[in-house]
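Enquirer: Residue numbering for the sequence shown follows our numbering, starting at 35 and increasing by one per position. The C-beta atom is built at its ideal place from N, Cα and C for all residues, glycine as well. Being a predicted model, the structure only gives us computed values, none of them experimental.
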Amino acid sequence: MLQNKKLIVANWKLNPLTAEEAEALASKIDLSTEKEVVLCPPNLFLTKVQYPNLGGQNCSEYIKGPYTGEISAAQLASLGAKYCIVGHSERRKMGETDTSINTKIIALLNYGIKPILCVGFGTSVADDELSVMKIVGEQLEQDLQGVDPGQVIVAYEPVWAIGTGRSATPDHAEQIALYISTKHHITKVLYGGSVNGKNAHNFLKQNHIAGLLVGGASLLADDFNTIIAS
Ligand code: PGA
């Protein structure tokens with residue numbers, strides 16, 4: 035596969051607590067890198083964080099109207115978000131459905147935001163690759179209905195690896211990334227789940243892993259800078 039610039043996405047989740055801390059963290063992240071680096075702070079800090087590439091962590095299915103507490107793709111675009119994570123396991127656990135993920139992806143694309151679709155919810159550490167492909171394949175089919183797959187980035191994040199300190203093996207991640215890219219025509223497949231400064235390189239050297247989605251380690255500037263430099 036042709037190797038483009040690797041993409042490293044920081045998912046800060048519900049951190050940090052204040053806008054000042056968010057600004058301070060962003061200011062410590064290296065700017066001089068050959069990789070495409072995207073910071074996804076909590077949506078409401080998007081205007082506080084200074085960084086070339088910003089992304090949202092979620093968006094509403096709706097664009098405008100009587101939907102209290104929602105943030106739409108149009109609003110994210112107006113705050114400068116170029117990317118947005120969708121379908122993260124932590125949201126699927128809260129009840130987000132594939133139908134709603136599909137609607138969100140279409141909304142994001144309509145506003146020129148690149149969706150980063152997470153798949154891998156519902157997998158378990160004991161699953162073999164075939165079982166994982168079945169689960170991930172079903173998610174992709176439903177989430178990408180009516181969507182040009184070439185417009186979407188997919189992050190394979192086995193749910194059991196998220197925030198546990200137990201990442202998948204690079205070989206397993208590569209096999210699933212190969213499946214996602216060839217069978218589902220996705221040009222950029224990321225791996226996420228307990229990525230850190232020590233293991234990032236082993237994932238990035240795989241042929242079909244186009245980058246990383248990083249949670250916990252993205253809150254530690256030194257560790258995240260090591261990942262960016264890997
Ligand atoms: P983690 O999270 O790096 O802390 O495992 C990854 C993610 O949830 O995107």
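Helix, strand or coil: which one does DSSP assign to Ile150?
Expert: In this structure, Ile150 counts as strand in the three-state DSSP scheme.
Enquirer: Out of Tyr96, Val170, Ala255, point me to the one whose CA is closest to Ala107's CA.
Expert: The candidate whose alpha carbon is nearest that of Ala107 is Tyr96.
Enquirer: By a C-beta neighbour count over all protein chains shown, 10 Å radius and 16 as the cutoff for buried, is Gly250 buried or exposed?
Expert: Buried, since its Cβ has 16 or more Cβ neighbours within 10 Å.
Enquirer: Residue range of the beta strand (DSSP E) that Tyr190 falls in?
Expert: Unbroken beta strand (DSSP E) run through Tyr190: 187-190.
Enquirer: Within the continuous alpha helix (DSSP H) that includes Glu208, where are the two ends?
Expert: Counting along the chain, the alpha helix (DSSP H) containing Glu208 begins and ends at 204-218.
Enquirer: Count the other CB atoms, across all protein chains shown, that sit within 10 Å of the CB of Ala58; report buried if there are 16 or more and exposed otherwise.
Expert: It is exposed - the Cβ of Ala58 has fewer than 16 other Cβ atoms within 10 Å.
Enquirer: Got a sec: does the ligand PGA put a non-hydrogen atom nearer than 6 Å to the Cβ of Val71?
Expert: Checking every heavy atom of the ligand PGA against the Cβ of Val71, none is found closer than 6 Å.
Enquirer: According to DSSP, is Gly245 helix, strand or coil?
Expert: Note: Gly245 maps to strand in three-state DSSP.
Enquirer: Mind pulling the alpha helix (DSSP H) runs of 4 or more residues that sit fully within the segment 86-113?
Expert: Counting only runs of 4 or more, we get 107-112.
Enquirer: On the DSSP bridge assignment, give the partners of Val159 in chain order.
Expert: BP columns for Val159 are empty, so no partner.
Enquirer: Exposed or buried, what is Met35 when buried is set at 16 or more other beta-carbons lying within 10 Å of its beta-carbon?
Expert: At Met35 the pLDDT is 43, less than 50, meaning the model places this residue with poor confidence and gives no usable figure here.
Enquirer: Could you tell me the boundaries of the alpha helix (DSSP H) in which Glu55 lies?
Expert: Counting along the chain, the alpha helix (DSSP H) containing Glu55 begins and ends at 53-61.
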